[in-house]
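Numbering (our numbering), first residue to last: 149 to 379. Each remark here refers to the structure printed beneath this line.
As structure tokens, this is what we get:
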């Protein structure tokens, strides 16, 4: 068992690039790709030849299968990695990563990455970090699925505050500028009208200021208390 801080010390674009550059073939198998807002990286079982690291920008992550249809499951940002499949028989049907801002990613040939990691990362810190990150994303998606409509909105706001917000000196949380009523409603699985109503309640309680972007969560403790109310 590891402490989170111990694993995360080895989990950043800079650290992974440092590891990969130890292989003299780095420039042949690794390159940067720039995406404009709205552009998509789509992964299917037949397009899994590259490993991706987010260097700049943010992405919405959509999962699609015959059983579930298409659904927004999470958001990715700087230092997140994707397409690190461990089992060929367990690849997700379709994953879409849509740039919510202008973005830049590192694209690494998957076989090159695996061969380098086997030599340079014998303790498997990179894979362990990836698995722990996936566990968190899927855990949050599962929890949201089990909540009622209002608490799905509250849960999404808490998750965004804790994972992607900028903390100001007065302990307020500045949410990413890409967050909108529509996007919050989508990840919470509710309508825009209902989401707008809940946000007004939170504004009236001085929990959040969503009158303009970026939204500001002014009282994360109270937001958490509302989420856990009745439990």
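In this text, a Cβ means the ideal position worked out from N, Cα and C, and glycines have one as well. Everything numeric in this text was worked out from a predicted model, so none of it was measured.
| message | Considering Cα atoms alone, identify which of 353, 225 and 220 is closest to residue 286. | response | Of the candidates 353, 225 and 220, the residue whose Cα lies closest to the Cα of residue 286 is 220.
- Query: Would you say residue 272 and residue 197 are within 9 Å of each other, going by their C-beta atoms?
  - Reply: No, these two residues do not count as a Cβ contact at 9 Å.
Query raised in the report: From residue 301 to residue 203, what does the alpha carbon distance come to, in whole angstroms?
Result: Here the alpha carbon of residue 301 sits roughly 28 Å from the alpha carbon of residue 203.
Tell me the DSSP secondary structure of residue 264 in three-state form. The DSSP-derived three-state label of residue 264 is helix.
inquiry  = Tell me the DSSP secondary structure of residue 377 in three-state form.
reply    = Residue 377 falls in the coil class under three-state DSSP.
Q: Return the first residue and the last residue of the beta strand (DSSP E) that residue 204 is part of.
A: Counting along the chain, the beta strand (DSSP E) containing residue 204 begins and ends at 198–204.
CB of residue 292 within 9 Å of CB of residue 341, strictly:
Using a Cβ distance threshold of 9 Å, residue 292 and residue 341 do not count as a contacting pair.
Worksheet entry | Residue range of the unbroken beta strand (DSSP E) whose run includes residue 191 | Boundaries of the beta strand (DSSP E) harbouring residue 191: 188–191, taken from the DSSP string.
query: Which of helix, strand or coil does DSSP assign to residue 313?
result: Residue state, collapsed to three classes: coil.
Point to revise | Close-in-space but distant-in-sequence residues of the same chain around residue 299 (CB under 8 Å, 5 per side omitted) | key: Excluding sequence neighbours, residue 299 sits near 375.
| message | Is it buried or exposed, residue 205, if we count other Cβ atoms within 10 angstroms and call 16 or more buried? | response | Counting Cβ neighbours within 10 Å, residue 205 comes out buried, since at least 16 surround it.
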